[in-house]
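Each remark here refers to the structure printed beneath this line.
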Amino acid sequence: MSVQQVFVISRAGSLIYEWSTPETTMPNIERIFDWPLGLQLENVDGKPVVVWGSGVPPRYFVSAVNGIAVNGTSFTKEDQRISVFDFVAEQSNYPVKLGFSMPMVSTNEKIILSSTFHSLYTIAVQLSPAPGSSGIEVVIHKPTSSSQSSTNSTPTMHSRTPFYSIDMPIRCHKFDDGLRALLDRIGKFSAVTV
Numbered sequence: 001m002s003v004q005q006v007f008v009i010s011r012a013g014s015l016i017y018e019w020s021t022p023e024t025t026m027p028n029i030e031r032i033f034d035w036p037l038g039l040q041l042e043n044v045d046g047k048p049v050v051v052w053g054s055g056v057p058p059r060y061f062v063s064a065v066n067g068i069a070v071n072g073t074s075f076t077k078e079d080q081r082i083s084v085f086d087f088v089a090e091q092s093n094y095p096v097k098l099g100f101s102m103p104m105v106s107t108n109e110k111i112i113l114s115s116t117f118h119s120l121y122t123i124a125v126q127l128s129p130a131p132g133s134s135g136i137e138v139v140i141h142k143p144t145s146s147s148q149s150s151t152n153s154t155p156t157m158h159s160r161t162p163f164y165s166i167d168m169p170i171r172c173h174k175f176d177d178g179l180r181a182l183l184d185r186i187g188k189f190s191a192v193t194v
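Its first residue numbered 1, the sequence shown is counted upward by one per residue in the UniProt record's numbering.
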């Protein structure tokens, strides 16, 4: 399992740094469907999103129809804009090959997540039986030595910049380079060969 996102949260609970896996490395799913379509699609944020169904996880969005890229909720075929919802509702269009992409977290959702993590942290500090607890270090991970090294080395990467002050958003190339190197190291150690 690889690292998909990194959040750095200030003491006040604001998001001061965020890194996400580039969209080009996200795995896509392609399935061929017969009539009736075994999925329920809804328009969420201007994209046809899977609400429920078999074979495709919820929140994945339709990115291609029969190999043609989807832009918003429609695609262009022979100079004609066709709605994805209308296309999958018509039985004569089957079998149809649909491509799905992983959902990306919006900026607003990232801010909400960071404030939620901060709230969980403050609760964990107060409920911890150990005196002087630092709260939550890792939310979800597989126990490996590389994940431990990531929690220990991340704060030192930006503390060496003399122009950085606490709770200020992190805008430092050295921090970005150090984080990328750390994530590459973690990715190499957590690779699974099947």
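Where is the CB? At the ideal position from N, CA and C, for every residue including glycine.
- Here L39 is bridged, per DSSP, to G53.
- The C-alpha of G13 is placed about 17 Å away from the C-alpha of W19.
- A residue is called buried once 16 or more other Cβ atoms fall within 10 Å of its Cβ, and H173, having fewer, is exposed.
- For N28, no alpha helix (DSSP H) segment is defined; the enclosing uninterrupted segment is the beta strand (DSSP E) at 28-33.
- For T76, the enclosing beta strand (DSSP E) starts and ends at 74-77.
- For M168, the CB contacts under 8 Å within the same chain, skipping 5 residues up- and downstream, are I16 in chain order.
- In this structure, the CA atom of N93 is about 40 Å from the CA atom of I112.
- For S63, same chain residues with a beta-carbon under 8 Å away, outside a window of 5 residues either side, are N28, A69, V70, G99, F100, S101 in chain order.
- By the Cβ neighbour-count rule, I123 is exposed, with fewer than 16 other Cβ atoms within 10 Å of its own.
- With 16 or more other CB atoms across the displayed protein chains lying within 10 angstroms of its CB, K47 is buried.
- Counting the other CB atoms within 10 Å of its CB gives V49 a total of 16 or more, which places it among the buried residues.
- Per DSSP, reduced to three states, the secondary structure at G99 is strand.
- Under the three-state reduction of DSSP output, N93 falls in the helix class.
- With contacts defined by Cβ atoms closer than 7 Å, R31 and G67 do not form a contacting pair.
- In this model, E42 and T21 are separated by some 25 Å (Cα to Cα).
- The DSSP-derived three-state label of I170 is coil.
- Straight-line measurement puts the Cα of N108 at about 26 Å from the Cα of V84.
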